[in-house]
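This report refers to the structure that appears directly beneath it.
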Amino acid sequence: MSEYNFAYLDEQTKRMIRRAILKGLAVPGYQVPFASREMPMPYGWGTGGVQVSAAVLTPDDTFKVIDQGADDTTNAVSIRAFFERTAEVATTTSTEDATVIQTRHRIPEVSLQEGQILVYQVPIPEPLRFLEPRETETRKMHALEDYGLMHVKLYEDIARHGHIATSYAYPVKIEGRYVMDPSPIPKFDNPKMSDNPAIQLFGAGREQRIYALPPYTQVVSLDFEDHPFEASKPDQCCSLCQSTTSYLDEVIVDDSGKRMYVCSDTDYCAARVRKQAA
Amino acid sequence: MTPLLSVRDITKRYGTFVGCADVSFDLFPGEVMGIVGESGSGKSTLLNCMAGHLTPDTGEVLYDTRVDGQRDTVQMSEPERRMLGRTDWAFVHQNPRDGLRMGVSAGGNVGERLMAVGARNYGDIRTKATDWLGRVEIAPERIDDRPSTFSGGMQQRLQIARNLVTGPRLVFMDEPTGGLDVSVQARLLDLLRGLVRDLGLSAIIVTHDLAVVRLLADRLMVMKSGHVIEAGLTDQVLDDPQHAYTQLLVSSVLQV
Chain V
36 MSEYNFAYLD
46 EQTKRMIRRA
56 ILKGLAVPGY
66 QVPFASREMP
76 MPYGWGTGGV
86 QVSAAVLTPD
96 DTFKVIDQGA
106 DDTTNAVSIR
116 AFFERTAEVA
126 TTTSTEDATV
136 IQTRHRIPEV
146 SLQEGQILVY
156 QVPIPEPLRF
166 LEPRETETRK
176 MHALEDYGLM
186 HVKLYEDIAR
196 HGHIATSYAY
206 PVKIEGRYVM
216 DPSPIPKFDN
226 PKMSDNPAIQ
236 LFGAGREQRI
246 YALPPYTQVV
256 SLDFEDHPFE
266 ASKPDQCCSL
276 CQSTTSYLDE
286 VIVDDSGKRM
296 YVCSDTDYCA
306 ARVRKQAA
Chain A
3 MTPLLSVRDI
13 TKRYGTFVGC
23 ADVSFDLFPG
33 EVMGIVGESG
43 SGKSTLLNCM
53 AGHLTPDTGE
63 VLYDTRVDGQ
73 RDTVQMSEPE
83 RRMLGRTDWA
93 FVHQNPRDGL
103 RMGVSAGGNV
113 GERLMAVGAR
123 NYGDIRTKAT
133 DWLGRVEIAP
143 ERIDDRPSTF
153 SGGMQQRLQI
163 ARNLVTGPRL
173 VFMDEPTGGL
183 DVSVQARLLD
193 LLRGLVRDLG
203 LSAIIVTHDL
213 AVVRLLADRL
223 MVMKSGHVIE
233 AGLTDQVLDD
243 PQHAYTQLLV
253 SSVLQV
């Protein structure tokens, strides 16, 4: 074993984080404060997610990291390497094989299973933050279920753009109680959160908050009766695997503005391409 | 007849300093009560105690709720009081910036109270907001403009529309005409008087402007150093002031 304690954090810290996670699971959608630690990476790179992953990892786990759907971008590569070095756990890029998946801003296209844990990196856990800057007031609003303001934001969207233009970090209501920020996942992914067999954990390092969704939790995206929620994506198909159902990234490929659409979930896309080649 | 609001021995101290002391009165449905006094006389403290923004040290504020009859709002739970605050009550601040959301369009400002009590149909909210903007003489095409682009008078009217959209029965007003020039003040007073009469609202108006209470209020309370020193019908108090301070107040009004 290396000179690191298993998964970098000391045992007391992991215990403290696990207590916060358990409380979060007991009160789905409620933001549990925790004593976030300084991690060897900058805030905004997933310090919250890393601490939650460190607290739930066991030596037998298989670990996967997604950054905006991709397994091979800086954030994903460095966090995967971090846990390979400090926890010596097996890592994978395959969604099916992973037991703990840390994600930045996407939910995998392949449905998750019971026993899997999805850890989200959250920049700003408070869904009401840009509407009400006072923390004392937002806490009170959560406590009293005073969520009219959230709809004011959606109203403003429709008044200005003719439709609900919020396309990521789309607010959701958990089991008819807490309004929660699903972290900046595209609203295309919102329906996947509901009734999901996996455990979903959310860690915000700088903001020192953890919240969670136990398996099979009801998650409803907020909307108006005459402007219902719509899980939108580009109306194209992936130019690599021809998928029409997965969430697509728009990539500009030359200076004259040519563009192509590719799956944002690289593992899903690559698996489809392999299958088609076989 | 049950009073709509019944205030009993309200006292609020800030440390050893007295905000307001032993204030009691009844407000009946459809009645407009004026509270006048100089700066620091405890008018706003009293208003905030009644509206639930401050907790009085002693005393009761009995409100005749639609469902349960008379309830002491001081003893009410916070969610109940908040619910009351956004359905049956309205609070018009002196500075419209305190009562409006400056970053949200006029329509959103008016619609907020509707959405807070569960309205979830965009079309309905929009129709109601347009209707209320019309009632307070704001052009409907300005519905998507932010209040920061409005003049002071328009902001104040928008604040009134935002408060009245849920059909409250009791309106608290803290210097509603303060900071407006006289012609705009006159139009706002006209508008307020019309709304109060048409909707049968009860109102409590705190002001230091005797002309405002002369126009709007049925009854008047004069406060000094936290105590009510004189109360009665508006015309009676203003035309025949008994207390030395009220006499001073009435005689110091500038005549043009």
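Protein chains in written order, with the numbering used here: chain V, 36 to 313; chain A, 3 to 258.
Positions of the beta carbon are idealized from the N, C-alpha and C atoms, including for glycine.
By the C-beta density criterion, V/Ser299 is buried, having at least 16 other C-beta atoms within 10 angstroms. Put simply, the backbone Cα of V/Arg195 is about 11 Å away from that of A/Ile145. Rounded to the nearest whole angstrom, the CA to CA distance from A/Thr129 to V/Phe98 is 53 Å. When the beta-carbon positions are compared, A/Glu33 and A/Ser253 stay at least 8 Å from each other. Sorting V/Leu147, V/Lys58, V/Arg141, V/Val124 by C-alpha distance to the C-alpha of V/Thr130 places V/Leu147 at the top. Residues of chain V with a Cβ closer than 7 Å to the Cβ of A/Asn123 are, in chain order, Phe259, Glu260, Asp261.
In summary, the residues of the segment 53–86 of chain A whose CB is separated from some CB of chain V by less than 8 Å are Glu80, Pro81, Arg84, in the order they occur in the chain.
Just so you know, the alpha carbons of A/Asp28 and A/Tyr247 end up roughly 23 Å apart. Residue pairing from DSSP places A/Glu232 in a beta bridge opposite A/Val224. Runs of the beta strand (DSSP E) spanning 3 or more residues and lying entirely within the segment 127–184 of chain A occur at 172–176, in chain order. Runs of the alpha helix (DSSP H) lying entirely within the segment 169–201 of chain V, each at least 4 residues long, are 170–178, 183–196 in chain order. Taking C-beta atoms under 8 Å as the contact rule, V/Ala90 and V/Arg53 qualify, at a distance of about 5 Å.
Not one beta carbon of chain V lies nearer than 8 Å to the beta carbon of A/Asp241. The alpha carbon of A/Arg221 has as its nearest neighbour, out of A/Tyr16, A/Arg10, A/Phe30, the alpha carbon of A/Phe30. Apart from sequence neighbours up to five positions away, no residue of its chain approaches V/Leu57 with a beta-carbon distance below 7 Å. In this structure, DSSP gives A/Glu62 an extended state, which the three-state scheme calls strand. Burial state of V/Asn225 is buried, judged by a 10 Å Cβ sphere holding 16 or more other Cβ atoms.
As DSSP reads the structure, V/Ile152 sits in a beta bridge with V/Val135, V/Ile234. With a threshold of 8 Å between beta carbons, V/His177 makes no contact with chain A. Nearest CB-CB separation between V/Arg195 and chain A: below the 8 Å threshold. Straight-line spacing of the CA atoms in A/Thr179 and V/Phe264 works out to 43 Å. For A/Arg15, the uninterrupted beta strand (DSSP E) run begins and ends at 7–16, by DSSP. Taking 9 Å as the Cβ-Cβ cut-off, the segment 182–216 of chain V approaches chain A at Tyr182, Gly183, Leu184, Met185, His186, Val187, Lys188, Leu189, Tyr190, Glu191, Ile193, Ala194, Arg195, given in chain order. Linking A/Gly113 to A/Gly234 through their CA atoms gives a straight-line distance of about 38 Å.
Remark: fewer than three beta-carbon pairs, one from each stretch, lie closer than 8 Å, so the segment 74–82 of chain A and the segment 140–155 of chain V are not flagged as touching.
As a beta-bridge residue in DSSP terms, V/Lys208 pairs with V/Val214, V/Val255. Identification of residues in the segment 104–124 of chain A having a C-beta nearer than 9 Å to some C-beta of chain V yields Gly105, Val106, Ser107, Gly109, Gly110, Asn111, Gly113, Glu114, Arg115, Leu116, Met117, Ala118, Val119, Gly120, Ala121, Arg122, Asn123, Tyr124, given in sequence order.
Counting only Cβ-Cβ distances below 8 Å, A/Asp146 has contacts in chain V at Ala194, Arg195, in chain order. The beta carbon of V/Leu166 lies closer than 8 Å to those of Leu184, Met185, Val187, Lys188 in the same chain, with the five residues before and after it left out. When secondary structure is reduced to three states using DSSP, V/Tyr43 falls in the coil class, being assigned neither helix nor strand. Contact with chain V is found for A/Ile127, since one of that chain's Cβ atoms lies less than 8 Å from the residue's Cβ. Each residue's CA atom was taken as its position, placing V/Tyr78 and A/Met225 some 55 Å apart.
Between the alpha carbons of V/Lys293 and V/Val286 lies a distance of about 9 Å. About 4 Å separates the beta carbons of V/Glu144 and V/Tyr303, which is inside the 8 Å limit, making them a contact pair. Around V/Lys208, the same chain offers Val214, Val255, Leu257 as residues with beta carbons nearer than 7 Å, after the five sequence neighbours per side are excluded.
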